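Everything in the sequence shown is counted per the numbering used here, starting at 459 for the first residue and increasing by one. To keep things clear, I will list the structure first and then write my remarks on it.
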Amino acid sequence: MSRIITFELTGRIPSKKNNKSIRFNPRTKKPFITSSKDYKKWHEYASLQINTQKSDIKNVQFPIQKCDYIETTLFYGTKHRSDNTNKTESVHDLLVDMGVLQDDNWQITGRTTQIPIYREKEPGAEIVIGIRE
459 MSRIITFELT GRIPSKKNNK SIRFNPRTKK PFITSSKDYK KWHEYASLQI
509 NTQKSDIKNV QFPIQKCDYI ETTLFYGTKH RSDNTNKTES VHDLLVDMGV
559 LQDDNWQITG RTTQIPIYRE KEPGAEIVIG IRE
């Protein structure tokens, strides 16, 4: 049986994968790849949301070592074309960065699903995690 926890994110979720750019180190002149300002701003904002909600969850050992499933409902605020998979990867990376998940590999996440829903002018996500006990 799984213990179920839920996180909610508000705001548009950018794709980490599609928001990379090449910059040059001003001192060494060597190129490096970095995430866009849009993604970094979202990550900072979403991190605050996750940490606030995480502190309210009792009797869960973080980072989670084994899930039965992770269900990500992506709420789209517009009807523009967008990639579910890349947005879900952004959410999973955030969960790892914030210490919710130990890693986002298949041995830890278990079954992952993504559900896209149009919710006019209210983008965001709901993440439901079934923790294996």
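For each residue, glycine too, the CB sits at the ideal point set by N, CA and C. Remember, predicted model here, so these are calculated numbers, not experimental data.
What does the alpha-carbon distance come out to for the pair residue i and residue j?
{"i": "K499", "j": "K516", "result": "28 Å"}
{"i": "I587", "j": "L552", "result": "14 Å"}
{"i": "E547", "j": "F520", "result": "20 Å"}
{"i": "I566", "j": "I522", "result": "8 Å"}
{"i": "E591", "j": "I480", "result": "43 Å"}
{"i": "N563", "j": "K487", "result": "35 Å"}
{"i": "H550", "j": "S494", "result": "18 Å"}
{"i": "P489", "j": "F482", "result": "4 Å"}
With respect to the beta strand (DSSP E) encompassing residue i, which residues constitute its N-terminal and C-terminal limits?
{"i": "D514", "result": "Counting along the chain, D514 falls outside any beta strand (DSSP E), and DSSP gives it neither H nor E."}
{"i": "D541", "result": "Where D541 is concerned, there is no enclosing beta strand (DSSP E), given that its DSSP letter is neither H nor E."}
Would you mind sorting residue i into buried or exposed? The rule is 16 or more other CB atoms within 10 Å of its CB.
{"i": "L506", "result": "exposed"}
{"i": "P581", "result": "buried"}
{"i": "H433", "result": "Residue 433 lies beyond the residue range present for the chain, which begins at 459 and ends at 591; the question has no answer from this structure."}
{"i": "Y503", "result": "exposed"}
{"i": "S513", "result": "exposed"}
Need the endpoints of the alpha helix (DSSP H) that residue i sits in, please.
{"i": "I572", "result": "Note that residue 572 corresponds to Gln in the displayed sequence, not to Ile. Counting along the chain, Q572 falls outside any alpha helix (DSSP H), though it belongs to the beta strand (DSSP E) covering R569 to Y576."}
Is any non-hydrogen atom of the ligand NAD found closer than 7 Å to the C-beta of residue i, if you look at the structure I gave you?
{"i": "E591", "result": "In the structure on display, the ligand NAD does not appear, and there are no ligands present to speak of."}
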